[in-house]
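Q:
In my numbering, the protein residues as written are 24 to 206.
(1) Go through the segment 52 to 132 residue by residue and report every complete run of the alpha helix (DSSP H) that reaches 4 residues or more, in order.
(2) I'd like to know if the segment 153 to 172 and the segment 112 to 125 are in contact, where contact means that at least 3 CB-CB pairs between them fall below 8 Å.
(3) With DSSP run on the structure shown, which of helix, strand or coil describes residue 152?
(4) Could you tell me whether any non-hydrogen atom of the ligand ATP is closer than 6 Å to the CB of residue 148?
(5) Quick check: the Cα distance between residue 102 and residue 108, rounded to an integer number of angstroms?
(6) Drop a sphere of 10 angstroms on the beta-carbon of residue 66, count the other beta-carbons inside from all chains shown, and report buried for 16 or more, exposed for fewer.
(7) Using a Cβ-Cβ cut-off of 8 Å (strictly less than) and excluding sequence neighbours within five positions of residue 56, which residues of its own chain qualify?
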């Protein structure tokens, strides 16, 4: 009974953000849905224009209330740049996985890098984050700086630096990752 109350409450909340909320109780159907999600990347490989085309996966997150607008802007940037993309992810929490089909050429890499920057800036403008779960690394450290600067929260990055320095005073762990130093 308690589980049913929690389920009803969850459906009410999700119903505010979705036209249909479907609860699946059949294990076979659950397995089918999970298999489809698990096979998404393989399905993307079949959509490549040629075998030399790469798929670059990125992730950002926006508040779910901003999701529709953010997805529209991302699709617009991809069209403008002439790049095929497939967007999916954990849509319920606003996590967007942008799968960019990229020609493995210098021009293709430049277009892909530009689109990734545009996607991250869409997330920043929509009060989201440049990384939902894939991390910052070296590719997004400048964008993380932009994100916190936009929020007037550069002090938060400074606290993170101090924590890293406390545990890694000689900067030998993941040197150059996460933190960007502007000129």
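A virtual CB, placed ideally from N, CA and C, is assigned to each residue, including glycine.
A: According to the data block:
(1) 63 to 69, 90 to 104
(2) yes
(3) strand
(4) Summarising the ligand content, the structure contains no ligands, and the ligand ATP is consequently not present.
(5) If you take the alpha carbons of residue 102 and residue 108, they lie about 9 Å apart.
(6) exposed
(7) 47
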